[in-house]
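Okay, so the sequence shown: first residue is 27 according to my numbering, each after it adds one.
Glycine residues also receive a C-beta, built at the ideal position from the N, C-alpha and C atoms.
A short write-up of the structure that comes next.
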Amino acid sequence: MQFDLNMAIVLLVILAVVTIFKGIKSVPQGEQWTVERFGKYTRTLKPGLQIIVPFIDSIGHKQVVMEQVLDIQPQEVISADNAMVTTDAVCFYQVIDPVKASYEVNNLERAMQNLVMTNIRAVLGSMELDAMLYNRDQINNSLLVKVDEATNPWGLKVTRIEIKDITPPRDLVDAMANQMKAEREKRAQILLAEGEREAAIKVAEGEKRSQVLKAEGEREAAFLEAEAREREAQAEAKATFMVSEAIAKGNSQAINYFVAQKYIDALGQLAAADNNKVVLMPLEAASVIGSIEGIGEIVQSVRDGKA
27 MQFDLNMAIV LLVILAVVTI FKGIKSVPQG EQWTVERFGK YTRTLKPGLQ IIVPFIDSIG
87 HKQVVMEQVL DIQPQEVISA DNAMVTTDAV CFYQVIDPVK ASYEVNNLER AMQNLVMTNI
147 RAVLGSMELD AMLYNRDQIN NSLLVKVDEA TNPWGLKVTR IEIKDITPPR DLVDAMANQM
207 KAEREKRAQI LLAEGEREAA IKVAEGEKRS QVLKAEGERE AAFLEAEARE REAQAEAKAT
267 FMVSEAIAKG NSQAINYFVA QKYIDALGQL AAADNNKVVL MPLEAASVIG SIEGIGEIVQ
327 SVRDGKA
């Protein structure tokens, strides 16, 4: 009898311990658990130590409310210009309402992955290959808006969707490389032609400036030569006037001046000739000297008259 009583006490203690453990729940930080009573949702447990009714209440779903990352498997997409590309992505989302995430959709992760994949095919399929490759930000924003709107009834908030890679077929990659090479060669030829044109313009401007400076120099030289000739003519006229006055006054040396001048000019022209290597002068040196002395006497007489 005493043994049966002890066994009953032990069983009651064990039942009490099991009941306490089944009624006390410790929810980790970053998670929220749903409580079901006979299969029906009743409430949500927040992080910390929580108490439920043992054997009546049970934990339905454990939802992580931290931001989560979902890898989207690579898939083939046909662009608007019938180019086949392979693309993959990554999706960042957060559970905002654990109740909706638990009871509005079955297998949340699989549903998210299929939803993102179908929207990627829809968005990329409406774009041409060039736009697909160069408008990555526009694609990400479009996917984010569509997927976030579609997952709102599930109690989710999609924070980011990033296209990781868009890979065209090998033949398209080679064609794009050839096109880029052709474009670069075209730009190089354009730059070379522009450089040659600029160089030709600079050379033409330099030649024009050189010709202008040359013309200005020739004009200045002609002007100086004209002034020199004018002064020489004035000096010649003055000398002629002085000799004429001397002749009028009966000075015989004035005639010798004209003779000596013509004689010296003739000698200069004869010596300057290219085909004359030897010059014979069958003239008396005294005549030339006398003529030169006559010029000196005329000048001296003019000076005495002025004094």
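Own chain residues within Cβ distance below 7 Å of residue i, not counting five before or after
i      : result
Ser128 : Thr60, Gly86, His87 and Gln89
Ser105 : Val111, Leu150, Gly151, Met153, Glu154, Leu155 and Met158
Asp123 : Gly181
Ile77  : Gly49 and Ile50
Val325 : Confidence in Val325 is poor, its pLDDT being 49 and thus under 50, which makes the residue's placement unreliable; the coordinate value appears in the next sentence. None.
Asp107 : Glu154 and Leu155
Asp369 : As shown, the chain starts at 27 and ends at 333. That puts residue 369 outside it, with no answer to give.
Asn166 : Ile187, Glu188 and Ile189
8 Å Cβ shell around residue i - same chain, five flanking residues per side excluded
i      : result
Glu356 : Here the chain comprises residues numbered 27 to 333, so residue 356 is not present and cannot be evaluated.
Lys234 : none
Val103 : Met110, Val111, Thr112, Thr113, Ile146, Arg147, Leu150 and Gly151
Glu310 : Per-residue confidence for Glu310 stands at a pLDDT of 49, beneath the threshold of 50, marking its modelled position as unreliable; the derived number appears in the next sentence. Nothing listed; no residue qualifies.
Leu38  : none
Glu231 : none
Met143 : Ile98, Gln99 and Gln101
Leu31  : none
DSSP beta-bridge partners of residue i
i      : result
Glu102 : Thr112
Val95  : Phe118
Gln89  : Gln58
Neighbourhood of residue i by C-beta distance below 6 Å, restricted to the same chain and skipping five residues each side
i      : result
Ala312 : With a pLDDT of 47 at Ala312, under the threshold of 50, the modelled position of that residue is not reliable, and the figure given next carries that caveat. Here the set comprises nothing.
Gln58  : Thr70, Gln89, Val91 and Pro124
Pro308 : Low local confidence applies: a pLDDT of 49 at Pro308 is under 50, so the model's placement there is unreliable, with the coordinate-based value given in what follows. So the list is empty, once near-sequence residues are dropped.
Lys183 : Gln120 and Ile122
Lys126 : Trp180 and Gly181
Rounded distance between the beta-carbons of residue j and residue i, thought under 8 Å
i      : j      : result
Thr113 : Ile189 : 6 Å
Glu135 : Leu96  : 6 Å
Leu141 : Ala176 : 6 Å
Val53  : Pro73  : 5 Å
Thr193 : Glu93  : Thr193 to Glu93, Cβ: 28 Å. No contact.
Delimiting residues of the beta strand (DSSP E) encompassing residue i
i      : result
Glu188 : Leu182 to Thr193
Delimiting residues of the alpha helix (DSSP H) encompassing residue i
i      : result
Met158 : Leu155 to Tyr160
**Study point:** Uninterrupted beta strand (DSSP E) stretches inside the segment 106-133 (no shorter than 3 residues)
**Key:** For the beta strand (DSSP E) assignment, the uninterrupted runs of no fewer than 3 residues enclosed by the segment 106-133 are, from N- to C-terminal side, 110-121.
Practice problem: Ignoring anything shorter than 4 residues or poking outside the segment 47-83, list the alpha helix (DSSP H) runs there in chain order. | Solution: Segments of the alpha helix (DSSP H) lying fully in the segment 47-83: there are none.
*asked:* As an exercise, report each continuous alpha helix (DSSP H) stretch of at least 4 residues that is fully enclosed by the segment 217-264, in chain order.
replied: For the segment 217-264, not a single whole alpha helix (DSSP H) run of length 4 or above is found.
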